[in-house]
Structure formats: structure tokens, C-alpha cells
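Read top to bottom, the protein sequences are chains A and B. First residue of the first sequence: 14, per my numbering; consecutive thereafter. First residue of the second sequence: 611, per my numbering; consecutive thereafter. Don't be surprised by glycine CBs; every beta carbon is placed ideally from N, CA and C. Notes to accompany the following structure.
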Amino acid sequence: MASEPTPAGGPAPLLVLDDVQAGYGRAAMVLRGLTIEVPPGTVVCLVGPNGAGKSTVLKVASGLLKPRSGRVLVDGDDVTGRGPQAMLASGLAHVLQGHSVFREMTVEENVLLGAYTLRDKARVAERVAFVRDLFPIVGERWKQLAGLLSGGQQKQVEFARSLMVDPKVVLLDEPSMGLDPKTTATVFEQVTRMRDAGTAVLLVEQNARRALETADLGCVLDLGRVHISGPAPELLADPQLSELYLGGRPAEPSLPVEG
Amino acid sequence: MPNASDTERPPPSPTRTAAPGPRDVKGTRQALTVARAVKLVAFVAGAVLILSFPNMAPNPYILSAGVVVASYACTATAWNFMGGFTGYISLGHAAFFGLGAYATGLLIRDLSWPPFVAWLGAGAVVVLITIPVGIAALRVRGASFVIVSIAFVLILLLVSQAWKDFTGGSNGLVVPRPFPDLLRPEHHRVFFYLFVALLAVMLLVWWVIDRSRFGAGLKAVREDEDKAQALGVPTRDYKLVAYLVSALFTGLSGGMYALWFGDLDPIFQFSILLGAYMVLMALLGGVRHLYGPLLGALIVGGALEYFKLEYGDTQLHLVATAVLLGVVVLFTPNGIIPAATDLVKRFGPQDSSIREMTAAELLERNENEARRAADE
């Protein structure tokens with residue numbers, strides 16, 4: 014099982030969203046004063062019903078959507094309102110929802126595009142070696158078209174691509190989408206491997222119970238605010254939360270997570 | 611606990627996995643060398659054929675048809691800087707062709723610039739006009755972009771028809787000849803080589819971009835713009851630059867055409883049909899390939915000229931074009947070059963299996979399975 018939750022007053026968080034309000038166009042606000050922290054070396058999982066604003070949180074963090082108010086801090090630096098490139102440069106990599114490999118490109122081209130903002134070739138080679146080591150399947154399929162890989166393998170290519178810039182925090186939007194339960198388990202294993210390799214993870218999942226079992230900390234979002242947050246095991250153990258957001262109590266003890 | 615996936619367990623004896631053995635590697639390398647040699651021979655043969663065309667042409671009419679096809683090859687290749695790299699399909703590229711042609715003609719007529727200086731000046735004019743147009747048009751994607759591109763060419767058509775004092779309107783604009791002493795056949799020959807030289811420059815630029823970081827970013831936009839942006843590709847700026855390069859070369863093709871043909875009519879310069887030909891030629895040959903649009907232009911342009919020669923004033927060439935477009939979309943949506951490559955591959959050495967799991971992975975999975983079952 015995952016490591017212990019970070020105690021209060023622990024290391025300074027890598028990513029902070031402070032009282033963020035955000036929305037699309039003239040439509041109503043999606044995030045209404047949301048505050049989230051991602052401490053180093055942790056997997057933080059956002060769960061909540063559809064429309065709670067989970068994906069929007071990631072879009073704000075990666076610069077795809079500018080917040081209307083509030084602040085975004087990376088390692089203490091205020092990066093509020095910067096675009097995707099600047100966010101990437103400051104250490105936030107976003108893995109979009111669904112199948113997001115470039116299907117018509119090889120695994121190699123996909124991974125190298127992850128290093129698009131790096132200009133130092135030696136550094137790129139170093140990172141390639143690192144991700145190939147972390148995700149062996151990426152190395153094995155190096156010259157193949159990414160679109161020909163299975164869903165689980167494509168996810169690993171996406172993870173590898175996102176790690177090319179050596180981000181401080183990886184933002185994962187529903188990595189288990191469209192995957193069978195067994196492959197989902199593998200994908201969550203990879204998430205813990207990423208954390209153990211030194212990258213904090215902010216994870217958004219529909220598959221809430223499974224994700225909280227992987228995560229260190231959890232936040233339950235509802236109507237654009239953090240409804241409750243805390244160590245993931247405590248959230249899992251809370252019967253009321255289970256009832257409201259995790260689809261009822263588990264009928265039986267859930268499967269152990271490997272890794 | 612045994613379960614269904616146990617049936618997939620490979621035999622316990624160590625089997626060879628799909629990893630290529632030394633022999634396969636050697637074979638691949640040989641195949642690569644052969645492919646490179648074939649490419650080189652094809653390139654030299656193609657270049658020799660094209661360059662010797664003016665000497666082989668039996669009469670000036672065929673020669674002039676060759677010039678038209680060469681100008682098509684230029685426009686289709688120029689179009690492909692945008693369509694091929696970014697996947698943005700512009701049906702209105704004739705706008706840049708017409709702008710280049712009219713700017714060349716007007717700079718010679720009104721400012722008395724030397725013909726080829728005016729031609730380069732026209733390129734600059736096209737780029738200047740394209741900057742605001744590109745910024746506006748590239749705010750939208752997909753079908754909306756197609757519509758905006760068509761709107762642009764229609765606006766220019768109406769303006770050039772209505773502004774009689776400046777463009778000559780429907781009466782046309784006569785562009786003075788750059789080589790007044792040359793006889794007609796010689797004139798065609800010179801312009802054939804000028805178009806081919808322009809084409810060579812474009813192919814070189816395309817080749818360089820194809821191998822560059824810029825090119826990698828553009829191709830990421832073609833695959834998926836949002837993902838490309840999330841990876842830090844400055845998509846908006848890159849699209850605009852590709853659009854400008856594409857417009858510049860299309861404009862230069864138009865200017866060259868003006869110098870060659872000597873008489874401009876709005877209806878033929880700002881023509882939707884011309885824009886559609888560019889798309890058809892590029893799609894036919896293959897938009898992802900350096901020579902795709904050139905090949906498409908040879909086929910479509912050749913066919914168009916043939917139909918015009920054989921059937922004169924009928925509109926049969928348009929029918930043939932439509933049929934061709936249908937056939938391309940139905941049978942070779944990626945173009946002739948990829949289709950031919952696939953065909954060759956089918957007869958050549960086969961790739962390793964496309965099965966999603968190698969035997970080693972399967973073994974590992976089954977072992978995990980067994981371990982998990984043991985834990986429970």
C-alpha cells in the first residue's frame with residue numbers, strides 16, 4: 014500500500030492552487046474558490062461527481078485555462094495565468110484525458126515530443142534513458158506506431174512522454190479511462206512508480222475507490238470546491254463519503270494494490 | 611487458483627521472443643541500403659526526365675501545357691506547407707496565387723519595377739497581407755477554417771472585379787513580358803525552367819522543415835493540436851509561420867504565372883477551382899510526402915491538359931477531375947505514395963507480428979496472476 018500521508022507542517026507543497034475561481038466563457042463558474050496542495054513525493058487524488066470541476070483543476074494548473082481569480086504556486090513561485098509552455102517550464106506536465114498518444118507517430122517520436130521544450134540534446138538523451146528504464150514497454154516498442162499499441166501500453170507511452178521534462182508534478186486526467194480492470198491496476202502501479210521515482214502526481218479519477226487506494230492524499234470535490242480532503246485511507250474508511258461519492262460501501266475488502 | 615488466462619501460458623521451454631536476431635538486423639540494414647539506392651535512382655531519373663521535357667516536347671502547345679503542369683506542381687507543393695504539415699485544409703489558396711499575380715503585374719505597370727524585382731516584391735506583399743488574414747483565419751479549425759479560406763478568395767475575386775481603375779476588372783490586366791525579344795517556344799522553355807527552379811527551392815525548404823524541430827511541432831499540430839499545446843509547442847505561432855510560408859510560395863507561383871501568361875483575369879486568378887486543384891493534387895500524391903503534391907500535379911495537371919487538348923471546350927475535364935477526387939477519397943485516402951509503399955511492403959519482408967503482447971509479457975502476466983492467486 015502507499016506510503017504514510019504527509020503529516021501536517023511537513024515539506025512545503027510543490028503545487029498550490031489557492032482560492033481559485035475558473036470557468037469557461039461566459040458560463041457559470043466551474044471552480045468556486047478551490048484550494049489544493051500537492052506535497053512532494055505524494056499522489057494526490059481528486060474525486061467527485063461529474064461536473065465537480067476535476068478536469069478543470071488540471072487545466073488551470075497546466076495553463077490551458079486561465080483562472081479568473083486566485084493563485085497558482087509552483088514550489089513557492091507564483092505562476093498564475095501563465096500559458097501551457099511556461100507552466101511546462103515551471104515543472105507541471107499534463108497528461109490529457111483519454112487516448113492522447115499521437116497515433117500516427119512512432120513511440121520514439123511521441124516520447125521526443127515530450128521533450129519539445131528541452132533544447133539540450135544530452136539532457137534529452139538522459140531523460141530518454143530514464144523513461145525507457147522506468148517503462149520497459151516504451152523501449153521495446155520504440156520504433157512502432159503508437160496507435161498500434163494496446164490501451165495500457167499507450168498510457169505508459171503518455172506517462173513516459175510527460176516525464177521527459179522531469180516535471181515536479183505530473184497532472185493525470187483519468188488515466189484508467191477505457192481500460193479493463195487488470196490494465197487499470199497496471200496503470201495505477203505505474204503511477205506509484207512515477208511517485209517513487211521522484212515526481213509528485215495530481216490524479217483525477219472516475220474510478221474513485223481504486224484511485225484512492227493508490228493515492229496518498231485525497232480531495233473530494235463537489236460544485237467547484239473541496240468538500241473534504243485528507244489522507245486517502247481515511248477518506249476510504251469514511252462510511253458517509255463512501256455512500257455519497259464512492260458508490261456505496263464496498264461489499265467486500267478491495268483487492269490489494271501491487272507496487 | 612487456476613483461471614482462464616492459464617491457457618495462455620506459453621510452454622515452459624524458453625522460446626525465442628519477438629526481439630530481432632542478428633540476421634534480421636542485417637536484413638533490415640540491407641533493405642534500407644536498397645531503399646536508399648532506389649530512391650536516389652528514382653530522384654535522378656525523375657530530375658532528368660523533367661529537365662529534358664522541353665527538348666522532348668513535340669510542339670509549342672505541348673510545351674506550354676508542360677509549363678501549366680509545372681505551375682500546378684508549384685502551387686500544390688506550396689499548399690502542402692500548410693495542408694501537409696498542419697492538416698489545415700485551405701480551399702482558398704488561389705487567393706495567394708491571385709494576389710501574387712496581380713501584385714507582380716501592378717508593381718511593373720504602376721511603379722515600373724523590373725519584372726523579377728516586382729515578382730519578389732509581390733512575394734513580400736502577399737506575406738504582409740497574409741499576416742492579419744492568418745491571425746484571423748487560424749482562430750478556427752476544421753470545417754470553419756475551410757469556409758474562412760473560401761471566403762477570403764471570394765472577397766478578393768469581387769474586389770479585383772469591381773476595382774476597375776486599379777486591376778482592370780473583368781477586362782483583365784496585361785502584364786508586360788519580361789523577355790520581349792524571345793519567340794513563343796523559347797519563352798515557354800525559359801519559364802518551364804523558372805517554374806522548375808522555384809519548385810526545387812520549395813522542395814528543399816519542405817525537406818529542411820520536415821527534419822526540423824519546427825516540423826516536428828507542426829506535425830504534432832496535425833495529429834492533435836490540444837495535445838501539442840499541452841506539450842509546449844507554440845501552436846498558434848507555428849501555424850501562422852507555416853501559413854505564411856505556404857502563402858509566400860503560392861504567391862510566388864502566381865507571380866511567375868503572371869510573368870509567363872501576361873494577361874490576368876480575376877475569374878481565373880481568384881478561382882475556387884484552382885484552390886480545389888491544389889488540394890486534389892496534394893491529396894492524390896500524399897500530403898505527408900515530399901513528392902506527393904508533385905506527383906499529384908503531374909497526374910491531375912497532365913490529365914487536365916490532355917482533356918482540354920482532346921475535347922476542347924467541353925467541360926469534360928471537370929467531370930474527370932470530380933471522378934478522380936472521388937476515387938482518391940474512396941481508395942487511397944492517404945494518397946498514392948503511401949498506397950504504393952504499402953503494396954511494396956506487402957510483397958517485401960514482413961514486419962514482426964503486431965500481436966499486442968510478446969511471449970515474454972504474456973509469461974510475466976501469467977506469473978503475476980499466479981502470485982496474486984497465491985496471495986489470496
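Check                                                                                                                                                                             : Outcome
Using CA coordinates, which residue listed in B:Tyr921, B:Gly872, B:Lys955 is at the minimum distance from Tyr712 of chain B?                                                     : B:Gly872
How is Gln6 of chain A classed by DSSP in three states: helix, strand or coil?                                                                                                    : Look at the range of chain A in this structure, 14 to 272, and you will see that residue 6 of chain A is not part of it.
Per DSSP, which one or two residues make a beta bridge with Val843 of chain B?                                                                                                    : According to DSSP, which records beta bridges pairwise, Val843 of chain B is partnered with nothing at all.
What residues in the segment 810-836 of chain B bring their beta carbon closer than 9 Å to a beta carbon of chain A?                                                              : Arg823, Ala826, Gly827, Lys829, Ala830, Arg832, Glu833, Asp834, Asp836
For a contact meaning CB atoms closer than 8 Å, what does Pro1046 of chain B contact in chain A?                                                                                  : The structure shown does not extend to residue 1046 of chain B, since chain B is modelled only from 611 through 986, so no value can be given for it.
Apart from the five residues on each side of it in sequence, which residues of its chain come closer than 6 Å, Cβ to Cβ, to Thr942 of chain B?                                    : Ala949
Which whole-angstrom value describes the C-beta separation of Ala868 of chain B and Val785 of chain B, a residue pair presumed to lie in contact below a C-beta threshold of 8 Å? : 5 Å
Is it true that the segment 833-849 of chain B meets the segment 675-684 of chain B, where meeting means three or more beta-carbon pairs spaced less than 8 Å apart?              : no
When burial is assigned at 16 or more other CB atoms within 10 Å of the CB, is Val92 of chain A buried or exposed?                                                                : buried
Using 8 Å as the threshold, is the segment 906-913 of chain B in touch with the segment 810-829 of chain B, meaning 3 or more CB pairs across them?                               : no
Relative to the C-alpha of Arg751 of chain B, which residue among B:Val938, B:Gly885, B:Val831, B:Leu953 is closest?                                                              : B:Val831
Report yes if the C-beta distance between Leu47 of chain A and Ser75 of chain A is below 8 Å; otherwise report no.                                                                : no
Considering Cα atoms alone, identify which of A:Leu236, A:Arg145, A:Lys79, A:Asp31 is closest to Leu176 of chain A.                                                               : A:Arg145
Would the segment 919-937 of chain B and the segment 882-894 of chain B be scored as touching if the rule is three or more Cβ pairs under 8 Å?                                    : yes
Using three-state DSSP, classify Val93 of chain A as helix, strand or coil.                                                                                                       : The sequence as given places Thr at residue 93 of chain A; Val does not occur at that position. Coil, per DSSP.
Using 10 angstroms around the beta-carbon of Met666 of chain B, count the other beta-carbons present and answer buried if the total reaches 16, otherwise exposed.                : exposed
Taking C-alpha atoms, which residue in A:Leu30, A:Asn123, A:Val151 lies nearest to Lys79 of chain A?                                                                              : A:Leu30
Less than 8 Å between CB atoms is the rule here; does Tyr273 of chain A satisfy it with respect to chain B?                                                                       : No answer is possible for residue 273 of chain A: it lies beyond the span of chain A, which begins at 14 and ends at 272.
Run down chain A in chain order and give the residues with a C-beta less than 8 Å from the C-beta of Leu711 of chain B.                                                           : One point to set straight first is that residue 711 of chain B is Ala, not Leu, in the sequence displayed. The premise fails here: Ala711 of chain B is roughly 36 Å from chain A at the closest Cβ pair, so nothing lies under 8 Å.
Taking buried to mean at least 16 other C-beta atoms within 10 Å of its own C-beta, is Ser780 of chain B buried or exposed?                                                       : exposed
Are the segment 179-188 of chain A and the segment 206-221 of chain A touching, with three or more C-beta to C-beta distances below 8 Å?                                          : yes
In chain A, which residues lie with their C-beta within 7 Å of the C-beta of Leu850 of chain B?                                                                                   : The premise fails here: Leu850 of chain B is roughly 16 Å from chain A at the closest Cβ pair, so nothing lies under 7 Å.
Our contact map puts Gly861 of chain B next to Phe663 of chain B with C-beta atoms below 8 Å; I'd like the distance itself, whole angstroms only.                                 : So it is not a contact: roughly 25 Å between Cβ atoms.
DSSP on Val233 of chain A, reduced to helix/strand/coil?                                                                                                                          : strand
Measuring from the CB of Thr924 of chain B, is there a heavy atom of the ligand NAP at a distance below 7 Å?                                                                      : Among the components modelled here there is no ligand, and therefore nothing to report on the ligand NAP.
Could you check what DSSP says for Thr687 of chain B in three-state terms: helix, strand or coil?                                                                                 : helix
So for His107 of chain A, helix, strand or coil by DSSP?                                                                                                                          : strand
Under the rule that 16 or more other beta-carbon atoms within 10 Å means buried, what is Trp689 of chain B, buried or exposed?                                                    : buried
Going by alpha carbons, who is nearest to Gly693 of chain B out of B:Trp870, B:Tyr921, B:Asp923, B:Leu890?                                                                        : B:Leu890
Using beta carbons (cut-off 8 Å, strictly below), is Leu900 of chain B in contact with chain A?                                                                                   : no
Gln839 of chain B touches chain A at which residues, Cβ-Cβ below 8 Å?                                                                                                             : Leu77, Pro97
Determine which residues of the segment 113-128 of chain A have a Cβ less than 8 Å from any Cβ of chain B, and write them out in chain order.                                     : Ser113, Phe115, Arg116, Glu117, Met118, Glu122, Leu125, Leu126, Gly127
Roughly how many angstroms separate the alpha carbons of Arg39 of chain A and Arg81 of chain A, rounded to a whole number?                                                        : 11 Å
Pick helix, strand or coil for Asp873 of chain B, following the three-state DSSP scheme.                                                                                          : strand
Between the beta-carbon of Ser759 of chain B and the beta-carbon of Gly702 of chain B, is there less than 8 Å?                                                                    : yes
Between Val785 of chain B and chain A, is any beta-carbon pair separated by less than 8 Å?                                                                                        : no
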